[in-house]
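Residue numbers (my numbering), protein chains in the order written: chain Y, 3 to 417; chain G, 3 to 417. Working notes for the structure below.
2 protein chains.
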Amino acid sequence: MTNLNEMGQKAQKAEFQLSQLGTLDKNAALRKMADDLEKNAATILNANEKDLKAAQESDMSKAMQDRLLLDADRIKGMADGLRSIADQEDPIGKVDRGWTTEDNLDIIQQRVPLGVIGIIFEARPNVTVDAAGLCFKSGNAAFLRGGKEAINSNIALSDTLRASLKESGLDENAVQLLHDTSHETAQSMMELSDYLDVLIPRGSGKFIKMVVNKAKVPIIETGAGNCHIYVDESADQDKALKIIINAKVQRPSVCNAAEKVLVNENIAEEFLPKLAEELKKNKVEIRGDEKTKSILPDVIPATEEDWYTEYNDYIIGIKVVTGLDEAIEHINKYNTKHSESIITENYASARKFQKQIDAAVVYVNASTRFTDGGKFGFGAEIGISTQKLHARGPMGAHELTTTKYLVNGSGQIRE
Amino acid sequence: MTNLNEMGQKAQKAEFQLSQLGTLDKNAALRKMADDLEKNAATILNANEKDLKAAQESDMSKAMQDRLLLDADRIKGMADGLRSIADQEDPIGKVDRGWTTEDNLDIIQQRVPLGVIGIIFEARPNVTVDAAGLCFKSGNAAFLRGGKEAINSNIALSDTLRASLKESGLDENAVQLLHDTSHETAQSMMELSDYLDVLIPRGSGKFIKMVVNKAKVPIIETGAGNCHIYVDESADQDKALKIIINAKVQRPSVCNAAEKVLVNENIAEEFLPKLAEELKKNKVEIRGDEKTKSILPDVIPATEEDWYTEYNDYIIGIKVVTGLDEAIEHINKYNTKHSESIITENYASARKFQKQIDAAVVYVNASTRFTDGGKFGFGAEIGISTQKLHARGPMGAHELTTTKYLVNGSGQIRE
């Protein structure tokens, strides 16, 4: 079995060096990693072919095979991702706040790296590069464990990044990949609290839940999104239609896609037929509550379970509500605290919705699809946190940091 | 068995009301709670007497009995604690940052409550009041579980606070105490992730480790402090003596007391005899490395285990180091990432120590005893976090909050 403690020690050693590195040196190393990925494309594609062949032999679904696939374009995409991380602001060294205490001590709260970040993910090899890049920029060592389906690709990618680090004169152990993809080793990694400061699982909701249940290391939970759009009585209905269709069908498989629409009863008879027509054009199946069904007789009745479900598919749940209060109550009960939107032209409704909805991101008159590190301007993201501890919403390099208090005195002792 | 899910639902309901409450209303309720504690002193002391009697019968140590004891002064202390929490700034509603995205969306990142906070603690009844007060001020429902040794005191205290909330026209379930102190129920509470947003254990290091290992709810780890003071070659030795004695003996049982002193070899022969004399006056036992023993022949030899140990007692470990680099390496290896201090008059040494030491608080020329919510100016604290996730160092009301992104648009959809 892989010696995880040894990997952990190497990671901590590399992390110490990395935590002291200046921004220009980090950015130069990231740009070299990007170049080296492109130079090494043949080797990487060769390794990826082995994974694809094994995937075909094991009858992996086409969708999964597509996630696994690398080609020249996708390698360029990963390299450009690293370059855009290099272009981002360095979060390390930033001062959150500072003050002088009554004892005349000067306190500064400064951003420092988290330390060693474990990332445990399923079959997408691009996570190896994205995660390594974001961790590196924020001064953290990356301790990676990808799915066995992508192991050859992941080894080729991490070997390329490690060689690149070495050629930059840096400790290659700033990026380490577990080559052993057994479940036993994954379980041991989830318990490696002496070395890992945080563990971020990336993958399906089921996978993330499994990691959350088994881990002893502090976790940041990402991903689940049962997102709602509430159409207020005062909504601009054209805006509402465009936003709902965008949030549902622009990319239905992702966590910030809308899964439910709540409609104010005073506009339901006017609005729902228009919405049904647009959804039909886009091949979206509707599951409605009783009131919706009384207006749209063809819809499938929604069950209690539907209100909890993240479909990630061309399906949407619709409920007619008596007003804003019922909408807020319904959303706070059934949502996954990811992204929620109100469509309204009324100031008081907008304010109340934003104050009372408990979610990472609460929109007025915009599509939930904007909950994304890129769209927020973070350049890249390591995931979207749906927990409240440490980070909430899209997580960029800033969210991979913690703080340290620097306290400067002149001989103070406590009375 | 207590129905924890029902308590969880009540907590969430109370939390919703509390999250929407204005600062003046919260402060008025806190001041009323303080007054009601003092008014209800007889009932509280009566309940405490039952706990003390049981403690005497079970041969509890005198130190533990002292922690359990309440008297008029201590009740006034708890009440004044609530009043000082009322005087503090309200963290809710503060904006951390805001910007306009390339899609012309306005994003505001605003402070909101964490939600329902579980506190699991040992025998100190004052935690019931401190924790309830800090959670309340930061808009969080408190879900408390204290040790069985203090159950009568805790019930009297929480009943007083709950009655006070009710009289203020608020939901009394903003503060709930588990009356059932069985281990089974405690275990179920640690797994109550549907209702608890975070769990903070308070107590001995052993107790905290146990909770960290068993919990499924996100944890904030507090408390362990193996704190070091490094005396640099350029130190003002009088300052160094005063700071070391203060950090060691002003209150040896607490986590921010100094446990180890590292001394630069170039000043060891001059400094160590002076330090030994001061420590002897204060009845502190010295455990030294070989070089220390060569200068102070009477000291007990330190073992490898000593370097890891938090004594919380009149014992100190002393090691002579070749210089700053060895001091930093030693501290980063053995410390618990709590509080570390360098005594120096040299700018470069001070800067390097603060940049390279990995700890919540890194001091120059001050006692480690200042790592404390009160001394930091937070008014009160719920504990001192020694983990890196979410909060690091003293945790006041601000650290019991998370953020929500408010995104305002005008019909934006994602291309």
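Note that CB positions come from ideal geometry on N, CA and C, so glycine has one too.
Original post:
Can you name the residues that DSSP bridges to G:R289?
Top reply: Counting from one through the second sequence, the residue named residue 289 of chain G turns up at place 287. Looking at the DSSP output, G:R289 bridges to G:I302, G:G319.
**OP:** Return no unless some Cβ of chain G is closer than 8 Å to the Cβ of Y:K28.
**Re:** If you number the first sequence from 1, residue 28 of chain Y lands on position 26. Not one chain G Cβ lies under 8 Å of Y:K28.
Subject >> Y:A226 versus Y:E261, Y:K168, Y:G95, residue with shortest Cα-Cα distance >> reply: Indexing the first sequence from 1 puts residue 226 of chain Y at position 224. The residue with the shortest Cα to Cα distance from Y:A226 is Y:E261.
Original post:
Is there a Cβ from chain Y that is less than 8 Å from the Cβ of G:P220?
Top reply: Taking the first residue of the second sequence as 1, we reach residue 220 of chain G at position 218. Answer yes: the Cβ-Cβ gap between G:P220 and chain Y drops below 8 Å somewhere.
Subject >> Beta carbon of G:A16 nearer than 8 Å to that of G:D173 >> reply: Working through the second sequence from its first residue, we reach residue 16 of chain G at position 14. Working through the second sequence from its first residue, we reach residue 173 of chain G at position 171. The answer is yes: Cβ separation under 8 Å.
**OP:** Measure from the C-beta of G:D308 to each C-beta in chain Y and report whether the shortest distance is under 8 Å.
**Re:** Taking the second sequence and counting its residues from 1, one reaches residue 308 of chain G at position 306. Judged by the 8 Å Cβ criterion, G:D308 is not in contact with chain Y.
Subject >> For Y:R69, three-class secondary structure by DSSP >> reply: Looking up residue 69 of chain Y in the first sequence gives position 67. In the structure shown, the three-state DSSP call for Y:R69 is helix.
Original post:
Taking only beta-carbon atoms, is G:N1 less than 8 Å away from chain Y?
Top reply: In the structure displayed, chain G extends from 3 to 417; residue 1 of chain G sits before or after that span and is not available.
Original post:
Between which two residues does the beta strand (DSSP E) harbouring G:C229 extend?
Top reply: Taking the first residue of the second sequence as position 1, residue 229 of chain G is located at position 227. 229-233 is the span of the beta strand (DSSP E), which, as asked, contains G:C229.
Original post:
To which residues does DSSP link G:L146 through a beta bridge?
Top reply: For the purposes of this step, residue 146 of chain G is taken as the residue at position 144 of the second sequence. BP columns for G:L146 point to G:I121, G:L179.
Original post:
Of all the options G:P127, G:I109, G:E151, which has the alpha carbon lying nearest to the alpha carbon of G:D161?
Top reply: On the second sequence, residue 161 of chain G is found 159 positions in, with the first residue counted as 1. Nearest option by C-alpha distance: G:P127.
**OP:** Leaving out five residues on either side along the sequence, give the residues of the same chain with a beta carbon under 8 Å from the beta carbon of G:I46.
**Re:** Counting from 1 along the second sequence, the entry for residue 46 of chain G is found at position 44. Excluding positions up to five away in sequence, the list reads L39, L72, I77, S155, A158, L159, T162.
Original post:
In terms of residues, what are the limits of the beta strand (DSSP E) holding Y:R76?
Top reply: Along the first sequence, read from residue 1 onward, the residue named residue 76 of chain Y stands at position 74. First-last for Y:R76: 74-89, but that is the alpha helix (DSSP H), not the beta strand (DSSP E).
**OP:** Determine the burial state of G:D75: buried for a count of at least 16 other Cβ atoms within 10 Å of its Cβ, exposed for fewer.
**Re:** Taking the second sequence and counting its residues from 1, one reaches residue 75 of chain G at position 73. Classification of G:D75: exposed, given that the 10 Å Cβ count is below 16.
Subject >> At least 3 beta-carbon pairs within less than 8 Å: the stretch 135-146 of chain G vs the stretch 170-186 of chain G >> reply: Taking a cut-off of 8 Å on C-beta distances, the stretch 135-146 of chain G touches the stretch 170-186 of chain G, as three or more cross pairs fall below it.
**OP:** Just the C-alpha distance for Y:I318 and Y:H230, rounded to the nearest angstrom, thanks.
**Re:** Along the first sequence, read from residue 1 onward, the residue named residue 318 of chain Y stands at position 316. Along the first sequence, read from residue 1 onward, the residue named residue 230 of chain Y stands at position 228. One alpha carbon belongs to Y:I318, the other to Y:H230, and they sit about 10 Å apart.
Subject >> Contact list for G:Q90 against chain Y, beta-carbon separation under 9 Å >> reply: The sequence position of residue 90 of chain G within the second sequence is 88, counting from 1. Think of a sphere of 9 Å around the beta carbon of G:Q90: no beta carbon from chain Y falls inside it, the nearest being about 14 Å out.
Subject >> Three-state class that DSSP yields for Y:D105 in the structure shown >> reply: Stepping through the first sequence from its first residue, residue 105 of chain Y is reached at position 103. In the three-state scheme derived from DSSP, where H, G and I count as helix and E and B as strand, Y:D105 is classed as coil.
Subject >> Within 8 Å, strictly: CB atoms of Y:A270 and Y:K295 >> reply: Within the first sequence, numbered from 1, the residue matching residue 270 of chain Y stands at position 268. Within the first sequence, numbered from 1, the residue matching residue 295 of chain Y stands at position 293. No, Cβ-Cβ distance for Y:A270 and Y:K295 is not below 8 Å.
**OP:** Measuring alpha carbon to alpha carbon, tell me which of Y:M35, Y:E383, Y:S369, Y:D315 ends up nearest Y:A165.
**Re:** Against the first sequence, residue 165 of chain Y aligns to sequence position 163. Measuring from the Cα of Y:A165, the nearest candidate turns out to be Y:M35.
Subject >> Assigned secondary structure, Y:K406 (DSSP; H/G/I helix, E/B strand, else coil) >> reply: Taking the first sequence and counting its residues from 1, the one referred to as residue 406 of chain Y is at position 404. Residue state for Y:K406 is assigned as strand, using DSSP reduced to three classes.
**OP:** Alpha carbon to alpha carbon, how far is G:I297 from G:I386? Give it in angstroms, no decimals.
**Re:** Within the second sequence, residue 386 of chain G is the residue found at index 384, counting from 1. Within the second sequence, residue 297 of chain G is the residue found at index 295, counting from 1. Each residue's Cα considered, the two are about 36 Å apart.
Subject >> 8 Å Cβ cutoff met for G:G117 and G:D27 >> reply: Walking along the second sequence from the start, residue 117 of chain G turns up at place 115. Walking along the second sequence from the start, residue 27 of chain G turns up at place 25. If you check the CB distance, G:G117 and G:D27 do not come in under 8 Å.
Original post:
Taking the Cβ atom as the reference point for each residue, do G:A362 and G:K339 lie within a distance shorter than 8 Å?
Top reply: Within the second sequence, numbered from 1, the residue matching residue 362 of chain G stands at position 360. Within the second sequence, numbered from 1, the residue matching residue 339 of chain G stands at position 337. In this structure, G:A362 sits near G:K339, with a CB-CB distance shorter than 8 Å.
Original post:
How far does the beta strand (DSSP E) with G:A260 in it reach, from first residue to last?
Top reply: As a working note, residue 260 of chain G is residue 258 in the second sequence. Counting along the chain, the unbroken beta strand (DSSP E) around G:A260 starts and ends at 260-266.
Subject >> For Y:G290 and Y:A304, believed in contact at Cβ under 8 Å, the rounded distance >> reply: In the first sequence, residue 304 of chain Y corresponds to position 302, counting from 1. In the first sequence, residue 290 of chain Y corresponds to position 288, counting from 1. Their Cβ separation, rounded to whole angstroms, is 6 Å, which keeps Y:A304 and Y:G290 in contact under 8 Å.
Subject >> Contact with chain Y by G:L391, beta-carbon distance below 8 Å >> reply: Taking the first residue of the second sequence as 1, we reach residue 391 of chain G at position 389. Judged by the 8 Å Cβ criterion, G:L391 is in contact with chain Y.
Subject >> 8 Å Cβ cutoff met for Y:N251 and Y:Y316 >> reply: The residue labelled residue 251 of chain Y in the question sits at position 249 within the first sequence. The residue labelled residue 316 of chain Y in the question sits at position 314 within the first sequence. What sits at residue 251 of chain Y in the sequence shown is Val, not Asn. If you check the CB distance, Y:V251 and Y:Y316 come in under 8 Å.
**OP:** Taking C-beta pairs closer than 8 Å, name the residues in chain Y that G:K283 reaches, listed in chain order.
**Re:** For this step, residue 283 of chain G is matched to residue 281 along the second sequence. By Cβ distance, chain Y contributes nothing, its closest Cβ being about 16 Å from G:K283, past 8 Å.
Subject >> Best match in Y:Y407, Y:M397, Y:V409 for proximity to G:Y407 [C-alpha to C-alpha] >> reply: To locate residue 407 of chain G, count along the second sequence from 1; it is residue 405. Taking only the C-alpha atoms, the option nearest G:Y407 is Y:M397.
Subject >> Sheet register partners of G:L201 (DSSP bridge) >> reply: Here residue 201 of chain G refers to the residue found at position 199 of the second sequence. Note: G:L201 sits in a beta bridge opposite G:G120, G:I221.
Original post:
To which residues does DSSP link Y:A368 through a beta bridge?
Top reply: The residue you call residue 368 of chain Y lines up with position 366 of the first sequence. For Y:A368, which the question treats as bridged, DSSP gives the partners G:Q414.
Original post:
Can you check whether the CB of Y:F372 is closer than 8 Å to the CB of G:Q414?
Top reply: Counting from 1 along the second sequence, the entry for residue 414 of chain G is found at position 412. Counting from 1 along the first sequence, the entry for residue 372 of chain Y is found at position 370. Yes, Cβ-Cβ distance for G:Q414 and Y:F372 is below 8 Å.
Original post:
With contact counted as at least three CB pairs below 8 Å, one residue from each stretch, are the stretch 266-286 of chain G and the stretch 234-254 of chain G in contact?
Top reply: These segments touch.
Original post:
Looking at G:G381 and G:S86, is the spacing between their C-beta atoms short of 8 Å?
Top reply: Start at 1 with the first residue of the second sequence, and residue 86 of chain G comes out as number 84. Start at 1 with the first residue of the second sequence, and residue 381 of chain G comes out as number 379. Here G:S86 is near G:G381, since their CB atoms are less than 8 Å apart.
Original post:
Should G:S351 go down as buried or exposed, given a rule of 16 or more other Cβ atoms within 10 Å for buried?
Top reply: Sequence index remark: in the second sequence, residue 351 of chain G carries index 349 (1-based). By the beta-carbon neighbour count (other beta carbons within 10 angstroms, threshold 16), G:S351 is buried.
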